[in-house]
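> I'd like to ask some things about the structure below.
Residue numbers (the working numbering): 11 to 172.
Pasting the structure below:
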């Protein structure tokens, strides 16, 4: 079945990251991205545009995180509105001055309605002390608020050893 296989690839990428094997993590993320593209096509053929869009967003995120940001950007277009959101995060001191970094990452996730943003960046993104500020500003801007967490929260006991 395709969905459990995609979830398995994501889990295997997190396990590889925990082991410090970035090459294996990237391979698993690329596999997950390709599976999401297949799902997007299947949903589109079935007439479910919303689920097709969600699968495309997931594919773009996997490509981006897996080391192919060009393909990720082809799917997750960095619009003028996304750039303005990132600029607002920086102006409101929510994110650091690096316009192409954390602010853009959060802006893309918020703009495209990503449910969960997995990141090892606990300083600026998966930081519980910042979540209230992120939630408040995104609500003010009319944006969704992704769950910002580390991959550790998605692994079961013993998964890191696999």
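Heads up, the beta-carbon is just placed ideally off N, CA and C, and yes, glycines get one too.
Grab the span of the beta strand (DSSP E) containing residue 118 for me, first residue to last.
First-last for residue 118: 112 to 121, but that is the alpha helix (DSSP H), not the beta strand (DSSP E).
> With a threshold of 6 Å on Cβ separation, who are the neighbours of residue 158 within its own chain once the five nearest residues in sequence on each side are excluded?
127, 135 and 136
> Identify the continuous alpha helix (DSSP H) that holds residue 92 and give its terminal residues.
90 to 101
> Could you tell me which residues DSSP pairs with residue 128 in its beta bridges?
159
> Flag this pair as yes or no: are the beta carbons of residue 69 and residue 43 separated by less than 9 Å?
yes
> Roughly how many whole angstroms lie between the Cα atoms of residue 23 and residue 99?
Near 29 Å, if we compare the C-alpha coordinates of residue 99 and residue 23.
> If you draw a straight line from the alpha carbon of residue 145 to that of residue 125, how long is it in whole angstroms?
Approximately 13 Å between the Cα atoms of the pair.
> Who are the Cβ neighbours of residue 174 in its own chain at under 7 Å, not counting the five residues just before and after it?
The question about residue 174 has no answer here: the residues shown for the chain are numbered 11 through 172.
> Check each candidate in 133, 85 and 72 and name the one with the smallest Cα separation from residue 105.
133
> Do residue 76 and residue 36 count as a contact pair if the criterion is CB distance below 9 Å?
yes
> Let me see if you follow: with CB-CB separation under 9 Å, is residue 75 close to chain C or not?
In the structure shown, chain C cannot be found, because there is only a single protein chain.
> Looking at the structure shown, is residue 45 part of a helix, part of a strand, or coil, going by DSSP?
DSSP places residue 45 in helix when its eight states are reduced to three.
> With residue 156 and residue 119 assumed to form a contact (beta carbons below 8 Å), what rounded beta-carbon distance in angstroms separates them?
5 Å
> To the nearest whole angstrom, what separates the beta carbons of residue 73 and residue 88, a pair I think is in contact under 8 Å?
Actually they do not touch by this definition, with Cβ atoms about 14 Å apart.
> Using 9 Å as the threshold, is the C-beta distance between residue 28 and residue 138 below it?
The answer is no: Cβ separation not under 9 Å.
> Could you tell me the alpha carbon to alpha carbon distance between residue 56 and residue 49, rounded to whole angstroms?
10 Å
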